[in-house]
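Protein chains in written order, with the working numbering: chain A, 1 to 252; chain B, 1 to 185.
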Amino acid sequence: MTVDLNKLHAVGAIAEEAEGKWGMVIDMDLCTGCQACVAACAMENNIPYVEEVDAGYGRSMHWIRTERFWEGEYPEVKMSAYQPMLCQQCGKAPCEPVCPAFATVHSQAEQINLQVYNRCVGTRYCANNCPYQVRSFNWRDYQDSRVRPEITILANQFNPDVTVRRRGVMEKCTFCIQRIHKAQDKAKSEGREVEDGEFTTACAQACPANAITFGRIDHPESLVAQLARSPRAEHHLEELGTLPRVTYLKEG
Amino acid sequence: MIKRFFVWAISPMGRIAVVIAGMFVFSLAAFGIYQTQQNPNPQPIQFPHNLHVGLGIQCLYCHPGASKGPSAGLPTISKCWGCHQQIAKTQTSPKLKPMLDAMNNGTNFVWAPVAKVPEFVHFNHRPHIAAGLNCENCHGDMTKVTIAENPQVMNMGWCLNCHRERAGDDEAKLIKLTDCGTCHY
Numbered sequence: 001m002t003v004d005l006n007k008l009h010a011v012g013a014i015a016e017e018a019e020g021k022w023g024m025v026i027d028m029d030l031c032t033g034c035q036a037c038v039a040a041c042a043m044e045n046n047i048p049y050v051e052e053v054d055a056g057y058g059r060s061m062h063w064i065r066t067e068r069f070w071e072g073e074y075p076e077v078k079m080s081a082y083q084p085m086l087c088q089q090c091g092k093a094p095c096e097p098v099c100p101a102f103a104t105v106h107s108q109a110e111q112i113n114l115q116v117y118n119r120c121v122g123t124r125y126c127a128n129n130c131p132y133q134v135r136s137f138n139w140r141d142y143q144d145s146r147v148r149p150e151i152t153i154l155a156n157q158f159n160p161d162v163t164v165r166r167r168g169v170m171e172k173c174t175f176c177i178q179r180i181h182k183a184q185d186k187a188k189s190e191g192r193e194v195e196d197g198e199f200t201t202a203c204a205q206a207c208p209a210n211a212i213t214f215g216r217i218d219h220p221e222s223l224v225a226q227l228a229r230s231p232r233a234e235h236h237l238e239e240l241g242t243l244p245r246v247t248y249l250k251e252g
Numbered sequence: 001m002i003k004r005f006f007v008w009a010i011s012p013m014g015r016i017a018v019v020i021a022g023m024f025v026f027s028l029a030a031f032g033i034y035q036t037q038q039n040p041n042p043q044p045i046q047f048p049h050n051l052h053v054g055l056g057i058q059c060l061y062c063h064p065g066a067s068k069g070p071s072a073g074l075p076t077i078s079k080c081w082g083c084h085q086q087i088a089k090t091q092t093s094p095k096l097k098p099m100l101d102a103m104n105n106g107t108n109f110v111w112a113p114v115a116k117v118p119e120f121v122h123f124n125h126r127p128h129i130a131a132g133l134n135c136e137n138c139h140g141d142m143t144k145v146t147i148a149e150n151p152q153v154m155n156m157g158w159c160l161n162c163h164r165e166r167a168g169d170d171e172a173k174l175i176k177l178t179d180c181g182t183c184h185y
C-alpha cells in the first residue's frame, strides 16, 4: 500500500522518514501469547517491576505487552489472536511534536523515535498523545536501591549498555538501539555492512515461535521486508497516518 | 516599601533576623566552596603515569580495551606484577608497598575512575581510536601528570564540537555523529 505523503502533511524531512530504516514484522498467527518477549525486553532494557499498589493505578511498566481480545458475549466468548504491542516507531509520530523539551526526537540516522532520558522533564504529554499507549512513566525511583532495598541484588543483572532510568522520566521501546549500535560497530570494525539476521531485538530473540522478525525494512531482499509485503500485512491505526514501522500479519 | 524594610531592619528583632539570614547565606556559600575543593576519590597507589609513559610503555598495554570495545579497562594487579616482579625495587620501596601487599594477599586494586561520563551517556572507545584519535586528544598528555587527572570537562558541547569538526561537509556523517541516539539510549 502506498501512502500519500502530501495528505499527511508529511513533507520535507518527514517524507524521507516514510521510507524507514529498521522495521519489525509480528505474525499474529504464530504468537502464542507466552510473554517471553515481555520478560526478555524487561531483562534487556532494565525495565523495573512496579509493585501491586502502583500497578493498580495503571502504572505498570512494559515496553512490549501482549494484548488479547475477546469476541462475543460471555459465556460464548472466543479468544482472538494475541497481539504483542510495542512502540511502532512511527515515521510521523504523534508523541514527537508535543514534547516541550525535545526529549522525544526522531533519529535521522536510525529512523526511529528516541527518548532522551536526560532531557525528559516528565510532562507525560507524549504518553497521552500516543495512540498505541506504549510509553511508560517512572512514577518512582524503581531502580534505586536506597528507595527499594529489595532491588539491590537485582541491580547486578542490569544491562550496562542501557541507561537505568530514574524517577520522572518517560521511557519506551528503542528497537534495542544498543544492539543496533553494537552490530554496526562490529560490522564497521570488520569493514562490512550489517548483514540481515546478524542481530535481532531481545523480543525477537526470545520468541519461541519466531513470530517476531526484525531487520532493515528499506532493504527489499531482507526477511523483514519480504514478510511485510505479505497480503496478510496490516498496520495498526493506519488511518491516523502515523506511518508505523511495525507490521502485523493478521490471521490468514 | 524599601524604606519600611530598613526601619524594620534596625529594630532589635530585625537585626537578629538580618544576622541569621546573613549567616545562612554565608554557610551556604562556604559549603558550596568546600564541596568544589574536595579531592576526588583517592587512588589505591600513587601511580606515576609520567614515569611509566616515559619508559615507553604504550597506553594500550595497560588499557587494552580502548582499541577493542567500549571500555578502555583498568589494569589488574597481575598486569602490574608482570613487569614489577623483575624490578628489585618493588620489594623495598615504601611507595610500592600497597602493590606488594595486594599481591601477597591476593587482593586487587580498586582504581578510582578519573575520566567519567554520566550514566545516560554511552561512550565507546573503539570507534574513536579507529577514527585516528590519540589517547592524549581527550585524556591529556600523560607524560606530564603523575596520578591521572582529567584535563577537561567532558560535557556534551565538548563532544559535539569535535564531532562537528570531524564530520566536515559529509552530510551523512554529520547526521550520524550529531544524532541523539548515537550516545543517549
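Idealized CB from N, CA, C, for every residue including glycine.
Asked, Found
"Where I212(A) sits in the DSSP three-state scheme", "strand"
"3-residue-minimum beta strand (DSSP E) runs that sit fully inside the stretch 106-186 of chain A, ordered along the chain", "113-115"
"One or two residues paired with M85(A) in a DSSP bridge", "R65(A)"
"Continuous alpha helix (DSSP H) stretch holding V38(A): start and end", "A36 to E44"
"Contact set between N155(B) and chain A, taken where Cβ atoms lie within less than 7 Å", "Within 7 Å Cβ-Cβ: nothing; N155(B) doesn't reach chain A, min ~12 Å."
"CB contact check: N118(A) to chain B, cutoff 9 Å", "yes"
"Closest residue to H52(B) among T146(B), Y185(B) and I20(B) (Cα-Cα distance)", "T146(B)"
"Any chain B beta carbon closer than 9 Å to H235(A)", "no"
"One or two residues paired with V246(A) in a DSSP bridge", "M24(A)"
"Burial state of N155(B), where buried means 16 or more other Cβ atoms lie within 10 Å", "exposed"
"Contact list for the stretch 111-136 of chain A against chain B, Cβ threshold 9 Å", "I112, L114, Q115, V116, Y117, N118 and R119"
"Proximity below 9 Å, CB of M24(A) to CB of T174(A)", "no"
"Classification of K78(A) by the beta-carbon crowding that lies within 10 angstroms, buried from 16 upward", "exposed"
"Chain B within 9 Å of H181(A), Cβ atoms only", "yes"
"Alpha-carbon to alpha-carbon, L240(A) and T66(A)", "22 Å"
"Residue range of the unbroken alpha helix (DSSP H) whose run includes A102(B)", "K97 to N105"
"9 Å Cβ cutoff met for I112(A) and Y248(A)", "no"
"Same chain, Cβ closer than 8 Å to L60(B), neighbours up to 5 away in sequence not counted", "A66 and S67"
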